[in-house]
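Data block below; observations after.
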Amino acid sequence: MPRSVVSVALSFVFIVGLFISSCKKDDNSYYSYNTGIDAAKDYVIGQQMMVLILNTYFKSISDSLLLNTGHNNNIDGANVYLKSGANDTLIIRYPWWGTDDGYDHYRAGEIKVCANEGFLNPGESYYLDFTNFMYDKDTLRVDSLNIIYLGKVNGQSDLFHIHSDSIFQIFSDSSGVNTFKMQQSFLRFEDPSSDYYTLADKFEISGLFAGISREGVDYNTDISEEQALLNQFNCSFLKQGPVPILFSDTIYNGTIYFSEADTCANQYVVEFDGNPFPAPIYTKDW
-3 MPRSVVSVAL
7 SFVFIVGLFI
17 SSCKKDDNSY
27 YSYNTGIDAA
37 KDYVIGQQMM
47 VLILNTYFKS
57 ISDSLLLNTG
67 HNNNIDGANV
77 YLKSGANDTL
87 IIRYPWWGTD
97 DGYDHYRAGE
107 IKVCANEGFL
117 NPGESYYLDF
127 TNFMYDKDTL
137 RVDSLNIIYL
147 GKVNGQSDLF
157 HIHSDSIFQI
167 FSDSSGVNTF
177 KMQQSFLRFE
187 DPSSDYYTLA
197 DKFEISGLFA
207 GISREGVDYN
217 TDISEEQALL
227 NQFNCSFLKQ
237 GPVPILFSDT
247 IYNGTIYFSE
257 ADTCANQYVV
267 EFDGNPFPAP
277 IYTKDW
């Protein structure tokens, strides 16, 4: 589906939802796409959540106040501390009762990062350790989230590799657990007018994001560099793609389309067999 069709599909969200709850496959059988729709939703929720959390980390390692004073009391709603010494230690701390992160999400808990040679030393590998962390009141358990800084690409853009084999998003409404892993590249394009982060900074995201939805459906996405997702500090929502999504337990696969690069919209469309199913990326329910 060309991206230009996405906006048209979204205008028919109610019609589509009512008219194509199941699709006729032959004269005597009907096939429901609900399984794929629900699994695609869990992928979008997980991918969007991890991108916004990583945004806070990337802002922190390039924040002017933090780098010059060692403290900033509001980076995406967090109190952030930087301790320099034998190891650089970054602490991103939210109150235990939680707070809005500025993206209209609720966060609580702490993230701690230690780097032997600094956060922008080529080849440096370090882990983000999560403690009592909650996101929109869902419990987030991360066994390990490894970041490797791979240096500059073409002498300009910073390349990071993000790797975790086991992340659990336990939904507070008791609807289940979204379990996933990610092996993705984040290519950062910084605003050349500043040595620190600005809202003009952006990332291209490619690579693997796969998991098991709360309905127990295996899903798999592998985004090519040519069809990378776009993440910008000046927008709360993912853009571009498209993202092919594959399932092991269904007879169909799908494609997820986000909005265009020059828009900022809380929307995506998942398409199965030419049938578009629009949905918001995020619905506030906490």
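Residue numbers in the sequence shown follow the numbering used here, run continuously in steps of one, and reach 282 at the last position. Ideal Cβ positions, reconstructed from N, Cα and C, are used throughout, including at glycine.
Collapsed DSSP secondary structure at residue i in the structure displayed
i, result
"S56", "helix"
"Y131", "strand"
"N69", "strand"
"I277", "coil"
"Y264", "strand"
"Q43", "helix"
"T85", "strand"
"L116", "coil"
Distance between residue j and residue i (C-alpha atoms, nearest Å)
i, j, result
"M46", "F115", "19 Å"
"S209", "D191", "40 Å"
"L50", "A82", "24 Å"
"D97", "G105", "12 Å"
"G237", "F176", "20 Å"
"I33", "R103", "26 Å"
"R184", "D197", "7 Å"
"T217", "Y145", "23 Å"
"I57", "Y131", "21 Å"
"F273", "I166", "25 Å"
"N24", "D245", "Since pLDDT at N24 reaches only 30, below the 50 mark, its modelled position is unreliable, and the value read off the structure follows with that caveat. Roughly 22 Å separates the two Cα atoms."
"Y53", "L204", "20 Å"
"E113", "E120", "7 Å"
"T294", "N271", "Since the first and last residues shown for the chain are -3 and 282, residue 294 lies out of range."
"E186", "D134", "32 Å"
"Q263", "P276", "4 Å"
"I201", "S160", "15 Å"
"V213", "V265", "19 Å"
Burial state of residue i (16 or more Cβ within 10 Å)
i, result
"G66", "exposed"
"T127", "exposed"
"L195", "exposed"
"Q43", "buried"
"D38", "buried"
"E221", "exposed"
"S140", "exposed"
"Q223", "exposed"
7 Å CB neighbourhood of residue i in its chain, flanking five on each side removed
i, result
"L155", "L146, G147, V149, S181, L183"
"D59", "N68, I71, Y192, Y193"
"F243", "G32, A35, V213, D214, Y215, N249"
Cβ shell of residue i (< 6 Å), same chain only, five flanking positions each side left out
i, result
"Y77", "H67, I87"
"Q228", "K198"
"L226", "K235, Q236, A257"
"V239", "T217, I219, I252"
Residues near residue i in its chain [Cβ-Cβ closer than 8 Å; skip 5 each side]
i, result
"K108", "T85, L86, I87, I88, L124, D125, T127"
"D100", "S232, Y278, K280"
For this session: List in chain order: all unbroken beta strand (DSSP E) runs of 3+ residues lying wholly within the segment 201 to 254.
Result: 214 to 219, 225 to 228, 239 to 243, 250 to 254
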